[in-house]
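> Here you go, one structure.
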């Protein structure tokens with residue numbers, strides 16, 4: 373069983389950290405954008421800040437999505453492995469779900485900068 377834990381840990385720990393880093397970066401970019409928008413009265417400059425932040429948030433989200441995909445694949449592969457530890461797979465699945473929920477929450481908060489967009493419910497996706 374220790375071998376299973378090590379195998380799953382090796383396959384997922386760095387990607388789980390990548391999801392966490394992406395989430396924190398999205399939150400940081402949102403806070404930076406808030407400061408920039410509150411300190412800028414010119415609409416063209418506000419739009420420039422919004423465009424720049426959007427690009428950076430999108431790149432961070434894509435990094436997190438790719439890491440999520442890799443962990444999901446590792447969990448599926450581990451679950452199909454003959455000597456897998458079902459408890460460890462379940463724990464890792466919960467950890468991944470929590471990381472996903474945190475990132476979706478950060479993205480939802482970032483989406484509030486777009487008043488013309490429909491409200492987004494990350495739990496529906």
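Residue numbers (our numbering): 373 to 497. For glycine and all other residues, C-beta sits at the position ideal for the given N, C-alpha and C.
#1: From 414, 456, 430, 465, pick the residue whose C-alpha is nearest to that of residue 398; which is it?
#2: Cα separation between residue 478 and residue 457?
#3: What span of residues does the alpha helix (DSSP H) with residue 411 cover, start to end?
#4: Quick test of the definition: if touching needs 3 or more C-beta pairs under 8 Å, does the region 376-394 touch the region 442-456?
#5: By Cβ distance below 8 Å, which residues in the same chain neighbour residue 444 in space, the five residues on each side in sequence not counted?
#6: Using only the alpha-carbon positions, how far apart do residue 448 and residue 387 sit?
Let me lay it out:
#1: Position 26 of the chain shown, counted from the first residue, corresponds to residue 398. Of the listed residues, the one whose Cα sits closest to residue 398 is 430.
#2: As a working note, residue 478 is residue 106 in the chain shown. As a working note, residue 457 is residue 85 in the chain shown. Straight-line Cα distance between these residues: approximately 32 Å.
#3: By one-based count along the chain shown, residue 411 stands at place 39. Neither: residue 411 is in no alpha helix (DSSP H) and is coded neither H nor E.
#4: yes
#5: Locating residue 444 in the chain shown gives position 72, counting from the first residue. These residues qualify, in order along the chain: 468.
#6: Taking the chain shown and counting its residues from 1, the one referred to as residue 448 is at position 76. Taking the chain shown and counting its residues from 1, the one referred to as residue 387 is at position 15. For residue 448 and residue 387, the distance between alpha carbons rounds to 15 Å.
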